[in-house]
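Residue numbers (the numbering used here), protein chains in the order written: chain E, 1 to 340; chain V, 1 to 247. Backbone N, C-alpha and C fix where the C-beta goes; we use that ideal spot for every residue, glycine too. What follows is one structure encoded as structure tokens, with my remarks underneath.
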């Protein structure tokens, strides 16, 4: 079974073949989405959740910290984006910065409390904190609009100093989100292959050993937590823009569980690209199965169970297995490089 | 002054007193041994000396500087490296990466989020040098999990050496090893003794007696005898106990 920390000769590269494939698919999607019975808004949702899932996997897959309350940071990002538009001024960059910073701040607060924990205690604490955020978003009616949600969030135009692009229609918003996704992927790819990222992976493999070779383990855990919260916040800001509103629902335990499920089904434990596959599979299943039957979640759930039982390495692991030819003896690998 | 010194260490877990007034000192450039029967407190003693457990009382000095009650990562950064009785490696990583992660030069780059981890050839050369020292040269791209037991033990020692320690603690290095692997390990330690200050916990007396310059015998949480292997062979305490017969 492959692992996230396998050494691969091409991983020191800035751009890799899977990136090009994904880029091609995402950029051409508006041309064929309609033809296969899907629609443009679904593309936006998928791209946003890819950002969320990839950022989440920095914590979940790479650092091995199993957060079950990550919806909180998606939600915080969404509210921060909306509140910025309502109370500070209509600005895309301002709103996204507010979303990232607010989620990062929430990540610091929670991360400081959980980064000395591990295993089941860590997981339970993330659930508890997630519930606190969810409950607060419902009860703080004056701030969040309670269960009605924060409504009328505008889609501010993309301001590129010399050029202003309106993002009101779904196609232009789609391409903007894909551009953000591309940046997020580049940043995360550099991160997981950086000294910092390799240390996170070392901590996942053996926390005690990491401490005994001199690393302040809890600081790295905290940092991973905050970074992944910031990516969730970014996704949340974009999601509020897409929906033109923000609701408590994304912060619920149920929704936080979904992201875990997506990452696992996709193969986030064995591949950088697992979360991407998992997100696509989930949304396509939701729309295609959902059109056929109201009980689609039952079938998705059964598929999840089958996956965990028979292919715990997820979609990415299955693809890896299919692609791999039996090699005639181990070949020595070329120069320094790391994890795919 | 000894390079590493522990004075009057006490440690209890609940009502059970594990270490009772233990004092040890390890001289620079020597191989020191700690021996004693199972349950004598050897491993607890090791954990206390390397920062995993804080002692209830007592002082631990590295080059005259107190390191008592510092967390393991601080103790490690001050130059105390250790291997573990139970294999303790980064199992998803290659042999080479296990070493690289422990290099101080790599640790210095820990805050770099966007540069390639192993782009610096100097790091890889340093890691290869250590693998040569422990007899794992040329095997740097193998997954550490696929190594034989003896080779994993050698890699454990390599990881400890990568930290460029002033003192190297080895916790029961022969445990689980067959005769041949044990002999290879003895050869390795003989090679390393010229360059490092080494402390070995061991219950394999033959192994310890052929390597150590000085040995401390721990029993019931106390140091019951100390000296060179020759002195210990003549020691009544040691002779009377089963320990002496083995040596």
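Check: For residue 196 (chain V) and residue 83 (chain V), what's the separation of their Cα atoms in angstroms?; Outcome: 14 Å
Check: Among E:15, E:170, E:264 and E:95, which residue has its Cα nearest to the Cα of residue 45 (chain E)?; Outcome: E:170
Check: What are the complete alpha helix (DSSP H) segments, minimum 4 residues, inside the region 237 to 304 of chain E?; Outcome: 253 to 266 and 274 to 292
Check: Let me know the secondary structure DSSP gives residue 307 (chain E) once reduced to three states.; Outcome: helix
Check: Along the chain, where does the beta strand (DSSP E) that runs through residue 261 (chain V) open and close?; Outcome: Because chain V spans 1 through 247 in this model, residue 261 (chain V) falls outside it and cannot be assessed.
Check: Would the beta-carbon of residue 150 (chain V) fall within 8 Å of that of residue 136 (chain V)?; Outcome: no
Check: Using C-beta distances below 8 Å, list every residue in its chain close to residue 213 (chain V), excluding the 5 sequence neighbours before and after it, in chain order.; Outcome: 27, 30, 31, 32 and 228
Check: With DSSP as the reference, identify every bridge partner of residue 178 (chain E), one or two as the case may be.; Outcome: DSSP lists no partner for residue 178 (chain E).
Check: Expressed to the nearest angstrom, what Euclidean distance is found between the alpha-carbon atoms of residue 176 (chain E) and residue 308 (chain E)?; Outcome: 35 Å
Check: Quick check on residue 233 (chain V): buried or exposed, where buried means 16 or more other Cβ atoms within 10 Å of its Cβ?; Outcome: exposed
Check: Are the Cβ atoms of residue 91 (chain V) and residue 205 (chain E) separated by less than 8 Å?; Outcome: yes
Check: Can you give the Cα-Cα distance for residue 189 (chain E) and residue 115 (chain V), rounded to whole angstroms?; Outcome: 10 Å
Check: So, is residue 274 (chain V) buried or exposed, given that buried needs 16 or more other C-beta atoms within 10 angstroms?; Outcome: Residue 274 (chain V) lies beyond the range of chain V shown here (1 to 247); nothing can be said about it.
Check: Using a beta-carbon distance below 8 Å, is residue 290 (chain E) in contact with chain V?; Outcome: no
Check: Taking Cβ positions, are residue 314 (chain E) and residue 225 (chain E) nearer each other than 8 Å?; Outcome: no
Check: I'd like to check one pair, residue 56 (chain E) with residue 259 (chain E): are the Cβ atoms closer than 8 Å?; Outcome: yes
Check: Could you name the residues of the same chain whose beta carbon sits closer than 6 Å to that of residue 328 (chain E), not counting the 5 residues immediately before and after it, in chain order?; Outcome: The pLDDT assigned to residue 328 (chain E) is 45, lower than 50, so where the model puts this residue is not dependable; a value taken from the coordinates is nonetheless given after this. Result list for residue 328 (chain E): empty, nothing under 6 Å.
Check: So which residues of chain E does residue 76 (chain V) contact, with C-beta pairs closer than 7 Å?; Outcome: 212, 213 and 214
Check: How close, in whole Å, do the beta carbons of residue 74 (chain E) and residue 182 (chain E) come, if the pair is a contact with beta carbons under 8 Å?; Outcome: With a Cβ gap of about 20 Å, residue 74 (chain E) and residue 182 (chain E) do not count as contacting.
Check: Under 8 Å, Cβ to Cβ, is there at least one residue of chain V near residue 67 (chain E)?; Outcome: no
Check: For residue 335 (chain E), count neighbouring Cβ atoms within 10 angstroms of its own Cβ and tell me buried if that reaches 16, exposed if not.; Outcome: Unreliable placement is indicated for residue 335 (chain E), whose pLDDT of 43 sits below 50; the coordinate value is still reported in the next sentence. Classification for residue 335 (chain E): exposed.
Check: Closest to residue 163 (chain V) by C-alpha separation, out of V:76, V:119, V:112 and V:185, would be which residue?; Outcome: V:76
Check: Starting from residue 197 (chain V), trace the beta strand (DSSP E) both ways and give me its first and last residue.; Outcome: 197 to 202
Check: So which residues on chain V does residue 40 (chain E) lean against when the C-beta distance must stay under 9 Å?; Outcome: Under the 9 Å cutoff, chain V gives no residues; its nearest Cβ is about 33 Å from residue 40 (chain E).
Check: Would a C-beta distance cut-off of 8 Å place residue 218 (chain V) and residue 211 (chain V) closer than the cut-off?; Outcome: no
Check: What does DSSP give as the partner residue(s) for residue 143 (chain V) in the beta ladder?; Outcome: V:94
Check: Where DSSP assigns a beta bridge to residue 4 (chain V), which residues make up the other side?; Outcome: V:26 and V:62
Check: Below 6 Å CB to CB, which residues in the same chain sit around residue 170 (chain V) once its five sequence neighbours on both sides are set aside?; Outcome: 83 and 200
Check: Do residue 179 (chain V) and residue 207 (chain V) count as a contact pair if the criterion is CB distance below 8 Å?; Outcome: no
Check: Along the chain, where does the beta strand (DSSP E) that runs through residue 225 (chain V) open and close?; Outcome: 222 to 227
Check: Looking at the secondary structure, which residues open and close the alpha helix (DSSP H) in which residue 98 (chain E) lies?; Outcome: 92 to 114
Check: On the three-pair Cβ rule with 8 Å, is the region 291 to 305 of chain E touching the region 244 to 252 of chain E?; Outcome: no
Check: When burial is assigned at 16 or more other CB atoms within 10 Å of the CB, is residue 237 (chain V) buried or exposed?; Outcome: exposed
Check: For the alpha helix (DSSP H) that contains residue 135 (chain E), what are its first and last residues?; Outcome: 119 to 139
Check: Just to check my reading of the structure: residue 156 (chain E) and residue 165 (chain E) have Cβ atoms closer than 8 Å, yes? What is that Cβ distance to the nearest angstrom?; Outcome: Actually they do not touch by this definition, with Cβ atoms about 11 Å apart.
Check: Thinking C-beta only, is residue 144 (chain V) closer than 8 Å to residue 100 (chain V)?; Outcome: no
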